[in-house]
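As structure tokens, the structure follows; a few thoughts come after it.
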Amino acid sequence: MNVFVTGVAGFIGFHLARRLLEDGVNVYGIDNLNAYYDPALKQDRLKLLEPYPKFRFEKLDLTDRSGMERVFKEGRFDVVVNLAAQAGVRYSIENPFAYIDSNLVGFLHILEGCRHNAVSHLVYASSSSVYGANTKMPFSVHDNVDHPISLYAATKKANELMAHTYASLYGLPCTGLRFFTVYGPWGRPDMALFKFTKAILNDDTIDIYNYGKMQRDFTYVDDIIEGMVRVMSLIPEPDQSWGGSHPDPGSSFAPYKIYNIGGSRPVDLMHFIGVLEKTLGSQAKKNMLPLQQGDVKATYADVQDLESAVHFRPQITIETGIQKFVEWYRGYYRL
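Residue numbers for the sequence shown follow this note's numbering, so the first one is 713 and each next one is one higher.
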């Protein structure tokens, strides 16, 4: 099998590529290695992938139309997994154009490449952020998600709509995965666990938004990867029971499917910090702040569709996951 992984030097892309390579899959990866966070971390991830004989890497940006067309023609990919995107809710307020370029224009290049080169399955990253102003818990793929509260969320919702259009027009099988607060070794420095760990070990203050009254459905990266690998081999088919008079957002008359991948165990932010403090053996200095623009107070994934489809639901507890991250962090930074 030939799999094309975009964003391969990113957090989830790296873990997916390594898992696929260990399973004997040919992986062609691209990444633009931008400076949204320290490119050295991305380079170090790549160094762990390069020894695999079935791995090929090219530095390439999704927005490079001719470069993307060339890669698709030469690659003869069976499955495409799009994980490249401009990430971050708060950064979308500061630099909105980056999200349009990468998450919309870049995604169109992915769709066109799949359409014109007989790709059998496109799997792409969406986000729990698409649930926006929804408050009914747990979040279900069968709920409407028409009220995003950040541009990042809006671009992810747009990806789902674009994918559905190509599934409908061209019969391109598309599966979208709504990730819920992914954490673990080799994680992103802009995410809470990474930032909190660094600050606590440096005896710096951590910013806690909404005065700590927040919940997140934290999901350990190995659980994310297991779900992804299983979904990759499950090509979506049209739902024969779907009807336009009562349209179900979670399925379609086209070969299109959406899944949540989350721990399905919301964790209070203050408990999360407490587990981290215990693991590090050090107390955090806390700066309590109001809710930030674009943030939601709680996330909680309904994973019944995922479990029914691929017989898997995330298993790793926050205590185990934080311990594994801290062990990696101390080792990587030689602390």
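Cβ atoms here follow ideal geometry from the backbone N, Cα and C, with glycine treated the same way.
Only a predicted model underlies this, so the values are computations on that prediction, with no experimental measurement involved.
- Setting aside the 5 residues that flank it on each side, V737 is surrounded in the same chain by M713 and V715, each with a C-beta closer than 6 Å to its C-beta; the list follows chain order.
- Taking a C-beta distance under 7 Å as the contact criterion, S841 and Y864 qualify as a contact pair.
- Contact between P850 and D1014 holds, since their C-beta atoms are separated by about 4 Å, short of 8 Å.
- Straight-line spacing of the CA atoms in D776 and G818 works out to 8 Å.
- Residue pairing for N794: DSSP places it in a beta bridge opposite T718 and Y836.
- At the C-beta level, T867 and L816 come within 7 Å of one another.
- Straight-line spacing of the CA atoms in P978 and L760 works out to 32 Å.
- Around the CB of D919, fewer than 16 other CB atoms lie within 10 Å, so the residue is classed as exposed.
- When the Cα atoms are used, L1001 and N922 turn out to be separated by approximately 6 Å.
- Secondary structure note for D929: it is in no beta strand (DSSP E), with a DSSP letter that is neither H nor E.
- Taking C-alpha positions only, P885 is separated from V792 by approximately 11 Å.
- In this chain, R788 is not harboured by any alpha helix (DSSP H), its DSSP state being neither H nor E.
- Around the beta carbon of E938, 16 or more other beta carbons sit within 10 angstroms, so the residue counts as buried.
- For F809, the number of other beta carbons within 10 angstroms of its own is below 16, and it is reported as exposed.
- The alpha-carbon of V857 is positioned some 36 Å away from that of Y1041.
- Out of D935, F767, S880 and K997, the CA that lies nearest to the CA of T1029 is found in D935.
- The shortest C-alpha to C-alpha distance from H876 to any of P950, T1011 and Y968 is the one to Y968.
- Following the DSSP letters along the chain, one finds E770 inside the beta strand (DSSP E) bounded by residues F767 to K771.
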